[in-house]
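Residue numbers (the working numbering): 79 to 256.
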């Protein structure tokens with residue numbers, strides 16, 4: 079395009095960066111055919127696709143990096159919970175027999191420790207993709223429910239496919255009975 083009527087460098091950049099054709103035409107007051115010809119002549123669609131792919135690639139990489147950082151923080155937090163629990167259990171106790179003895183604790187302390195241990199186990203299992211006992215039971219019940227639902231649907235389909243035939247036969251039988 080040799081026309082200097084439009085700021086083509088600016089228009090190309092806006093188009094490549096995602097501005098829609100109708101918005102460009104409206105902004106610069108140009109005909110659809112003029113913009114389309116320029117886009118085709120300078121291969122702007124391909125440049126726009128490459129730009130879009132690069133944006134998606136960078137966004138995906140950033141999301142993956144954020145997820146890795148989050149997982150790393152969770153793993154560190156899980157390890158820290160383990161350490162805190164072990165430190166709590168290793169408080170100085172009676173070592174007269176050569177074994178660490180868990181110090182006397184209040185019921186509240188035991189409940190807190192129990193919850194912390196449960197949370198630590200759940201976090202570790204989640205981080206490592208291990209299914210806990212309760213989750214495994216829930217999944218088994220869900221599988222059983224789905225199997226029963228499939229059987230019910232199959233029985234319903236069988237019933238639906240038989241009834242019209244039986245109904246038609248009964249109508250025929252009634253007609254001949256008269």
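C-beta: ideal position from N, C-alpha, C; glycine also. This one's a predicted model, so the numbers in the text were calculated from it and none came from an experiment.
Sequence-distant residues of the same chain with beta carbon closer than 6 Å to residue i, five excluded per side
| i | result |
| --- | --- |
| residue 201 | 156 |
Within 8 Å, strictly: CB atoms of residue i and residue j
| i | j | result |
| --- | --- | --- |
| residue 195 | residue 163 | yes |
| residue 94 | residue 102 | no |
Same chain, Cβ closer than 8 Å to residue i, five either side skipped, listed in chain order
| i | result |
| --- | --- |
| residue 226 | none |
Distance between beta carbons of residue j and residue i, contact taken as under 8 Å
| i | j | result |
| --- | --- | --- |
| residue 159 | residue 198 | 5 Å |
Cβ neighbours of residue i in the same chain (closer than 7 Å, five flanking residues each side left out)
| i | result |
| --- | --- |
| residue 97 | none |
| residue 106 | 84 and 89 |
| message | With three or more beta-carbon pairs closer than 8 Å as the criterion, would you say the segment 100–119 touches the segment 81–90? | response | The segment 100–119, when compared against the segment 81–90, does touch it at the 8 Å Cβ threshold.
Quiz item: Can you list the alpha helix (DSSP H) stretches of 4 or more residues lying completely in the segment 95–171, in chain order?
Solution: You should have 99–106, 110–119 and 122–167.
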